[in-house]
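J.: Line by line, the protein sequences are chains U and F.
Under our numbering, think of the first position of the first sequence as 1256, with each following residue one higher.
Under our numbering, think of the first position of the second sequence as -13, with each following residue one higher.
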Amino acid sequence: MFNKNYKDTLFKIFISIFGIIFVTFIVLTICAVMGKGLPSLMESIMDKEIQFAIRLTLYTSTMSTIICLIFSVPISYGLARYNFWGKKIINSIIQMPNSIPPIASGIALLLLFSTKQMENIVSKLGVDPVFSVKGIILAHFFINTPYMIRILRITFEDINPKLEFVARTLGYSSWGTFFKVTLPLARNGLISGIIITWTNALGEFGTALMLAGAIRMKTETLPASIFLNLSGGNLDKALAAAIILIAMSIICLFIFEYLGKENIRNTK
Amino acid sequence: MLKVEHINKKLGEFKLKDITFQVKEGEYFVILGPTGTGKTIILETIAGIYSPDSGSIYINNINISKVPPECRNIGFVYQDYLLFPHLSVRENIVFGLKAKKINRYSMEQILHEISTMLNIEHLLNRNTLTLSGGEQQRVAFARAIVTSPKILLLDEVSSALDPRTKEIFQHNLKSLHKKLKTTTIHITHDFNEALYLADRIAVMRNGEIHQIGTAKEIFNHPKSEFVANFIGYGKLKIGNEV
């Protein structure tokens, strides 16, 4: 009995060591930014460039998340519910942006939209993404849609298809069933998908840098602001942008955790 | 009323083979067979959830094989009731009435009538997740019959009940059928339940119907060894009267 307890305790200590090391690493990293940046944070926030970067980050993250959602909902529902020829291949292609390094994705998008044919099409539509704000939104959309599709596919797969069958027998078409039954039941998954996608979009930099560039006061999001100000030796502004980004991400994390607990409570 | 003709349906490794039967208006028809024999697939094919690979389904001599489920006017109660968890009891019951765009006043009248009949008026404002098994069952029934379906399909609706509750439920089901006179197809693996409820029974095994008849006909003249064994005879000379 004594031996068993001793071994159990040793096992728990062994596991805890890894946890303690990693948690300490995270806390120290965040404290390093906060410690250096907090004293000049208020002054930096008043700066026009930082305010522009905050507004642009919020705008591009929100717009790209909305567009991700519009595409992800039907795609993930189709993958969850239907079997069709080539489904595995299509699913793999959809997940490709996740495995391609962001900077490589950015170069690929830049090359695509720099071709004469694409230039003509996007100019006529007024959505030229190269070195523009639209490029940031497109870059976020390209990188983040696979994440949202993965989350929503699991959400839709978790909904019993027989609930949809019952709705059909009660007089609802596939459209009516989707909006009256499937979407309401997918609410928590949708909210989680939106928060995760929005948080990812906040910090996405590599792909957007290649396609939209990091142009001061034009395509300058908070990550681009960190890059530009650090490169230019303006540490205070860079740290201010970093702190604001960290604060936004932490708030999103708490909202996500809170919604997760609400979901567990509601289903018990 | 309902004619099912030569239905074949392959789902994964399982196959329904040449399913043919008719159900008269107002009849209580039971499909009896062991678990995994394809009974639910027949009901889901009649409801329009699956399209048959071949064969036809007729309601009042109209071929409904290609008609979508929402246009067939068929009520369906699953074994696990499948109430919508995001809706209250009231909203679950009137769900089908809203699809038919019934006006609010008529909706409330119908709701009151059905909930009184099934003794669930006190549950209307409850969350479905807080209901007991018996309460969920009655709400599922209310939801299925509130739209006055032409045919009611019941998928092993009493299999989760304890013996005493099952007995009460079967008695209530019989009374409800007498009152509403809705054509009903009920699937079960319980011969005693079939015996009590059915006007006629179809005995199924491995995707095929072995015999159709009244309970007396099947009991007295089982057409195969499987039918005889299933209704509890053990070794018996097939076709002989008992």
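Ideal Cβ positions, reconstructed from N, Cα and C, are used throughout, including at glycine.
1) Since Ala1467 of chain U and Gly1390 of chain U should fall inside the 8 Å C-beta cutoff, what is the C-beta to C-beta distance between them, to a whole number of angstroms?
2) So Lys1 of chain F packs on Gly193 of chain F, CB below 8 Å; how close in whole Å?
3) How would you label Val228 of chain F, buried or exposed, when you count the other beta carbons within 10 angstroms and need 16 or more for buried?
4) Can a CB atom of chain F be found closer than 9 Å to the CB of Gly1431 of chain U?
5) Under 9 Å between the Cβ atoms of Gln1350 of chain U and Pro1416 of chain U?
6) Taking only beta-carbon atoms, is Thr1476 of chain U less than 9 Å away from chain F?
7) Counting only the same chain and skipping the five closest in sequence on each side, list residues whose C-beta sits under 7 Å from that of Asn226 of chain F.
8) Taking C-alpha atoms, which residue in U:Tyr1427, U:Ala1335 and U:Ile1404 lies nearest to Glu56 of chain F?
9) Alpha carbon to alpha carbon, what distance is there between Arg112 of chain F and Gln197 of chain F?
10) In this structure, how does DSSP classify Leu1471 of chain U when only helix, strand and coil are distinguished?
11) Does the beta carbon of Ala128 of chain F come closer than 9 Å to any beta carbon on chain U?
12) Using CA coordinates, which residue listed in F:Glu153, F:Ile217, F:Val143 and F:Asn105 is at the minimum distance from Leu68 of chain F?
13) Straight-line CA distance for Ser1347 of chain U to Tyr1337 of chain U?
14) Indicate whether Ser1360 of chain U and Phe1397 of chain U have their beta-carbon atoms separated by less than 9 Å.
15) Check whether the region 37 to 53 of chain F and the region 150 to 157 of chain F are in contact - that is, three or more C-beta pairs closer than 8 Å.
16) Tell me which same chain residues have a C-beta within less than 7 Å of the C-beta of Leu159 of chain F, skipping the five on either side of it?
17) Along chain F, which residues have their Cβ under 8 Å away from the Cβ of Ser1428 of chain U?
18) Along the chain, where does the beta strand (DSSP E) containing Tyr44 of chain F start, and where does it finish?
19) By the three-class DSSP mapping on this structure, what secondary structure does Lys136 of chain F have?
20) Closest to Val189 of chain F by C-alpha separation, out of F:Asn215, F:Val80, F:Ser161 and F:Lys167, would be which residue?
21) By the DSSP assignment, the beta strand (DSSP E) with Lys15 of chain F in it spans what residues?
22) Please list the partners that Asn1415 of chain U has in chain F, where partner means a Cβ-to-Cβ separation under 8 Å.
23) Give a yes or no on whether the C-beta atoms belonging to Val1377 of chain U and Phe1368 of chain U are separated by under 9 Å.
24) For a quick check, are the C-beta atoms of Ile5 of chain F and Ile28 of chain F less than 9 Å apart?
25) What is the residue span of the beta strand (DSSP E) that Gly199 of chain F lies within?
26) On a CA-only basis, which of U:Gln1306, U:Ile1275 and U:Asn1375 is nearest Glu1475 of chain U? Give me that one, please.
27) Quick one: grab the DSSP three-state call for Gly1487 of chain U.
28) State buried or exposed for Lys223 of chain F, treating a residue as buried only when at least 16 other CB atoms are found within 10 Å of its CB.
29) Is the region 10 to 21 of chain F close to the region 1502 to 1513 of chain U, with three or more CB pairs under 8 Å?
30) For Leu97 of chain F versus Val132 of chain F, is the C-beta spacing smaller than 9 Å?
31) Among the candidates U:Glu1304, U:Val1288 and U:Ile1450, whose CA atom is the shortest distance from the CA of Ile1510 of chain U?
32) Compile a chain-ordered list of the residues in the region 79 to 108 of chain F whose CB is closer than 8 Å to at least one CB of chain U.
T.: Working from what's here:
1) 3 Å
2) 5 Å
3) Note that Val228 of chain F scores a pLDDT of 40, beneath 50, so its modelled location is shaky and nothing firm can be said.
4) yes
5) no
6) no
7) Note that Asn226 of chain F scores a pLDDT of 49, beneath 50, so its modelled location is shaky; the value from the coordinates is reported in the next line. Result list for Asn226 of chain F: empty, nothing under 7 Å.
8) U:Tyr1427
9) 44 Å
10) One detail in the question is off: residue 1471 of chain U reads as Arg in this sequence, not Leu. In this structure, Arg1471 of chain U counts as coil in the three-state DSSP scheme.
11) no
12) F:Val143
13) 16 Å
14) yes
15) no
16) Leu183
17) Pro54 and Glu56
18) Ser40 to Ile45
19) coil
20) F:Asn215
21) Here residue 15 of chain F turns out to be Phe, not Lys, going by the sequence shown. Tyr14 to Leu18 is the extent of the beta strand (DSSP E) around Phe15 of chain F.
22) Leu68
23) yes
24) yes
25) Glu194 to Gly199
26) U:Gln1306
27) coil
28) Interpretation of Lys223 of chain F is limited by its pLDDT of 48, a score under 50 that renders its predicted location unreliable; the figure taken from the coordinates is listed afterwards. That one is exposed.
29) no
30) yes
31) U:Ile1450
32) Phe81, Gly82, Ala85 and Lys86
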